[in-house]
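Start counting the sequence shown at 85; every next residue gets the next number (this note's numbering). C-beta: ideal position from N, C-alpha, C; glycine also. Every value quoted in this text rests on a predicted model; they were computed, and no experiment measured them.
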Amino acid sequence: MSELREIFAGETGLGGPALLELRPRWGSAEAIAQLVDEQLRPAGYRLVGVFDDTSDYARSILGFRVTHSTAWGRFVYVDDVSTVPEARGHGYADQLVGWVKGEAARLDCEAVHLDSGVAASRAAAHRLYMRHHLAITSHHFSVEV
Ligand SMILES: CC(C)(COP(=O)(O)OP(=O)(O)OC[C@H]1O[C@@H](n2cnc3c(N)ncnc32)[C@H](O)[C@@H]1OP(=O)(O)O)[C@@H](O)C(=O)NCCC(=O)NCCS
Numbered sequence: 085m086s087e088l089r090e091i092f093a094g095e096t097g098l099g100g101p102a103l104l105e106l107r108p109r110w111g112s113a114e115a116i117a118q119l120v121d122e123q124l125r126p127a128g129y130r131l132v133g134v135f136d137d138t139s140d141y142a143r144s145i146l147g148f149r150v151t152h153s154t155a156w157g158r159f160v161y162v163d164d165v166s167t168v169p170e171a172r173g174h175g176y177a178d179q180l181v182g183w184v185k186g187e188a189a190r191l192d193c194e195a196v197h198l199d200s201g202v203a204a205s206r207a208a209a210h211r212l213y214m215r216h217h218l219a220i221t222s223h224h225f226s227v228e229v
């Protein structure tokens, strides 16, 4: 039995382990929760999680924000999707991606956008996005400065 719910400011740590799994550069679940609360939430970031009876912590998370651009109008941008390894294959990320599409429509957005790396380690994520009819619409360019 699982429950999907928003993880609000003050309880961000509940999503820490799943976030850290995806973003190890931040070093600890506490550090990434602090980043979310102090820098990302003030800019509109929201966190949603799936919980089950195996842990108090979210087993799977999705972090997103509503934003605007000249190219895409008003849209939801998904920053983070991650399921802790021991909880994969139960449809938790599936629930979250389905939920965020509904939330984007509810918030009068035109679309959901996200970036995903091209490494083999992202293959499961690519299958997930394809199942939800997200299309590959861009090349993403970046340069270190
Ligand atoms: C990509 C990721 C988020 C998917 O999370 P997940 O919760 O395992 O996803 P789901 O359970 O919804 O789907 C995974 C598989 O289980 C299957 N599945 C879905 N519901 C299921 C169920 N109830 N029972 C059994 N299998 C199920 C899906 O069909 C899918 O199969 P596939 O991999 O062959 O396509 C997870 O693998 C992950 O965290 N990866 C590392 C981080 C990452 O790449 N994040 C994305 C960054 S862009």
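A direct Cα-to-Cα measurement between Y176 and D140 gives close to 15 Å.
Within the same chain, and ignoring the five residues on either side of A113 in sequence, the residues whose Cβ sits closer than 8 Å to its Cβ are G97, G100, P101, L103 and L104. Taking a contact as a CB-CB distance under 8 Å, the pair E87 and R130 does not count as one, their CB atoms being some 17 Å apart.
Cβ-Cβ separation between L146 and D164: approximately 7 Å, consistent with a contact (criterion under 8 Å). Taking a cut-off of 6 Å from the heavy atoms of ligand 1, the residues with a C-beta inside it are L106, S144, V165, S166, T167, R172, G173, H174, G175, Y176, A177, D178, S200, R206, A208, A209, R211 and L212.
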